[in-house]
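A short write-up of the structure that comes next.
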Amino acid sequence: MFDPDPPFRSLRRHDGYLPLEDLGLIGDGTTVALVGLDGSIPWLCLPRFDSDPVFCGLLDHERGGQFTVAPEHVTQARQHYEPDTAVLMTELATATGLVRITDALALRSGADLTDDTPAQRAELVRSAVVLDGDVRLRVDLEPRGAAQVRSLFSGLELRLHARPELRLHLRSNRPVTGLTSTHDLRKGERLDLVLSWGRIRRHHRFDAEALLRDTVDAWHRWMTHFTYGGIEEPLVRRAAITLKLCDDWVNGSLVAAPTSSLPAPIGGVRNWDYRYVWIRDASYTVFAMRRIGFIGEADAFLGWVIDAFEQSRAARIMYDVGGHPVPDEFEDAELAGYRGSAPVRWGNGAADQRQHDVYGEVLDCTYQWLRAGGDLEPALWTGLGRLADTAGRAWRQPDQGIWEVRSEGRVFTYSAGMCQVALDRAARIGERLGLPGPIKTWRASAERLRRLILSRSWDADAQTFREHLDGSGGLDASLLALPLRQVVPAGHPRMVATTAAVAEQLSAGDGLLYRYLHDKSVDGLPGDEGAFLLCSFWLVDNLTAQGRVDEAERLYASLCARASPLGLLSEQIDPTTGQFMGNFPQAFSHIGVIASGVNLARARAEEGHP
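So, in structure tokens, the structure goes:
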């Protein structure tokens, strides 16, 4: 459970790895780092989200490499954020003293995080101060693979054998002569470390405290735009910051998660690289952010989508953060995987899948862009019109669906629903701007498809919609998203019945839901998986829209209570143990925190409650 002032607790490891719940997130709008409760940094990709990792002990604690600053013989520890920032503090206690390590990816002095200009300094700050007693701090800087190290007057320069283009520079306020060092400190004394890349700053004035102050100030300025005042407000605030950390602040793109190959479940092979921009995931993100006051992020992404579509001349389901094709998927045999869960994968093989929901996502993004005052060039409208025409045909064809099954494609109800969205939004855009095109045809086709979904995917015997448009297949939690995209009203009797069926038949217990059941919905992969958090938030939204607000609030509170002490959530939850599974932190899960909170707050306001 999220706790801004958590108690100390003992360190715990499973198979040599910290649990995901004991990792914090810091970032600067181009990349992120994960900081462990033990003072380690086992994850950092440089120079951007989807670059090769410099530290990836997260995926192999022996060979992956990490950057550790910690006292010897830690007895207890805790982590918490500087309020309303991504500046993280880790406090580590020993038998002789207490030290606080403050970590941040530094931001420029005066940086405006609402502007689409670089805010990062390409510097990782690690500042340790002894709060009580005496401690011996150990510093271990272990990048993945071998590195050539040389001493400079201002610190150390590192050249990674596997990354000759990347120069790292470590500066410190105390002598550092190698990648491993120890420092005996008393109460009030500090050790400041700054790891730089990109434009090396070894000639600049060294002031770690000033870097941290500037970073805190930048986050505080950004959070003044936050407008939410409903239930679970502290967690919603933290979710907003987490989503901002998944955002490329210059490009406007958003990664689905800043990590790769974290397994679901442990020991399984469902290990995927999520450090890319899924149009679907990012669309949900920006709509959620817009609803709590962050208009700039939404506008930047919508512009990025339009540009990416215009450049590729086709609607891809995902791109890299720069709007280019995602690298081919391959397995990294050198890494053992988190808790021994091989394979580790880089790139994503789903990038070339057929997923028809992307047509609706692109056109819905464009519609949202226009509603916010954006412009639409005539040449782009021609391409968007072709996209609507494609959607009008594609819904009849099999695809891999929202869950990216790696089995034979099927005609999924959700995909058909998003094709309906594509036709509907194209008609609305054309009507809004008076643009040429078969507006009436799109409008009529959207209505016919909506009625077709209501009739053909309905299983009268089971009293539920089915995952396939012909009414066959298993039950799929993505059906809960149909009202969210205005395909089917939440209060329609068949949607109410489907909501009840999903809640009962896909239940993993305690409000958790599976996406689908693997014995009824074959996805081409071995093994099962955990409960998918976003699906439970979709259930909250349906209950809210159906007027069952008390029930929705109880479910929402139980889901929010599953956040880590730092307010972070993973992709999935192990329903047996409650442990986090899958890539972490997952944008989808934090979207659920925000969107469901906003929906509940509005429902209560309509009832006349504060």
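Throughout the sequence shown, residue numbering follows our numbering, covering 772 to 1381 in sequence. Yeah, the Cβ is synthetic: ideal placement off N, Cα and C, and Gly gets one too. Quantities reported herein were computed from a predicted structural model and do not represent experimental measurements.
Mapping the DSSP letters down to three states, classify residue i as helix, strand or coil.
| i | result |
| --- | --- |
| residue 1029 | coil |
| residue 869 | strand |
| residue 1230 | strand |
| residue 1189 | helix |
| residue 1163 | helix |
| residue 1278 | strand |
| residue 1344 | strand |
| residue 1253 | coil |
| residue 936 | strand |
| residue 1375 | helix |
| residue 772 | coil |
| residue 832 | coil |
| residue 1143 | coil |
| residue 1117 | strand |
| residue 1302 | strand |
| residue 1109 | helix |
| residue 825 | strand |
| residue 991 | helix |
| residue 997 | coil |
| residue 1235 | strand |
| residue 786 | coil |
| residue 1005 | helix |
Could you name the residues that DSSP lists as bridge partners for residue i?
| i | result |
| --- | --- |
| residue 951 | 911 |
| residue 894 | 967 |
| residue 862 | 849, 871 |
| residue 961 | 900 |
| residue 919 | 930 |
| residue 804 | 797, 815 |
| residue 1283 | 1280 |
| residue 1090 | 1048 |
| residue 1100 | None, per the DSSP bridge assignment. |
| residue 943 | 964 |
| residue 1060 | Answer by DSSP bridge pairing: none, since residue 1060 is not bridged. |
| residue 981 | The partner list for residue 981 (beta bridge, DSSP) is empty, contrary to what the question assumes. |
| residue 837 | 913 |
| residue 1199 | Note: residue 1199 sits in no beta bridge, so no partner. |
| residue 1382 | An answer regarding residue 1382 cannot be provided, because it is not within the stretch 772 to 1381 covered by the chain. |
| residue 1352 | 1343 |
Between the Cα of residue i and those of the options, spot the shortest distance and give me the residue it belongs to.
| i | options | result |
| --- | --- | --- |
| residue 1043 | 1373, 870, 1361, 1352 | 1352 |
| residue 1357 | 782, 1122, 1216, 1010 | 1010 |
| residue 763 | 776, 1041, 1003 | Shown here, the chain extends from 772 to 1381; a query on residue 763 therefore has no answer. |
| residue 852 | 1115, 1013, 1132 | 1013 |
| residue 1092 | 1318, 1075, 830, 841 | 1075 |
| residue 843 | 1331, 828, 864 | 864 |
| residue 1311 | 1371, 807, 1036 | 1371 |
| residue 1277 | 1251, 1257, 1173 | 1251 |
| residue 920 | 956, 1327, 1002, 951 | 951 |
| residue 1050 | 978, 816, 1223, 1189 | 1189 |
| residue 978 | 846, 963, 1132 | 963 |
| residue 809 | 1253, 1045, 831, 861 | 861 |
| residue 1309 | 1355, 1261, 1340 | 1261 |
| residue 1058 | 1150, 1373, 1365, 966 | 1365 |
| residue 1241 | 1257, 1097, 1223 | 1223 |
Using 8 Å for Cβ pairs, my map puts residue i next to residue j. What's the rounded Cβ distance?
| i | j | result |
| --- | --- | --- |
| residue 1200 | residue 1138 | 6 Å |
| residue 1304 | residue 1363 | 6 Å |
| residue 803 | residue 779 | Wrong, their Cβ atoms sit about 26 Å apart, outside the cutoff. |
| residue 829 | residue 813 | 4 Å |
| residue 898 | residue 849 | The Cβ separation is near 17 Å, so there is no contact. |
| residue 1191 | residue 1221 | 5 Å |
| residue 937 | residue 931 | 6 Å |
| residue 1141 | residue 1061 | The Cβ separation is near 14 Å, so there is no contact. |
| residue 1345 | residue 1036 | 7 Å |
| residue 1005 | residue 773 | 6 Å |
| residue 839 | residue 811 | 4 Å |
| residue 845 | residue 782 | 6 Å |
| residue 1307 | residue 1326 | 7 Å |
| residue 1234 | residue 1272 | 7 Å |
Contact the segment 1247 to 1261 vs the segment 1183 to 1195: 3+ CB pairs below 8 Å:
Yes: the two stretches touch, three or more of their Cβ pairs being nearer than 8 Å.
Quick one: any contact between the segment 1193 to 1212 and the segment 1139 to 1159, if contact means 3 or more CB pairs under 8 Å?
The answer is yes - the segment 1139 to 1159 touches the segment 1193 to 1212, with three or more Cβ pairs under 8 Å.
Spell out a yes or no on whether the segment 902 to 913 and the segment 867 to 883 are touching, meaning 3 or more CB-CB pairs, one atom from each, closer than 8 Å.
Touching, yes, given that three or more Cβ pairs across the two stretches are closer than 8 Å.
Does the pairing of the segment 907 to 917 with the segment 835 to 844 give three or more beta-carbon distances under 8 Å?
Under the three-pair Cβ rule at 8 Å, the segment 907 to 917 counts as touching the segment 835 to 844.
Assess, as a yes-or-no matter, whether the segment 928 to 944 is touched by the segment 986 to 998 under the definition of 3 or more beta carbon pairs within less than 8 Å.
The segment 986 to 998 vs the segment 928 to 944: no contact.
At a cut of 8 Å, does the segment 874 to 884 reach the segment 977 to 989 through at least three beta carbon pairs?
Short answer: they touch.
Under 8 Å: do the segment 1016 to 1024 and the segment 1065 to 1075 share three or more Cβ pairs, one atom per stretch?
Three or more pairs of CB atoms, one per stretch, sit closer than 8 Å, so the segment 1016 to 1024 contacts the segment 1065 to 1075.
Flag this pair as touching only if the segment 1165 to 1176 and the segment 1280 to 1294 have three or more C-beta atom pairs under 8 Å; answer yes or no.
When Cβ pairs closer than 8 Å are counted between the two stretches, the segment 1165 to 1176 is seen to touch the segment 1280 to 1294, the count reaching three or more.
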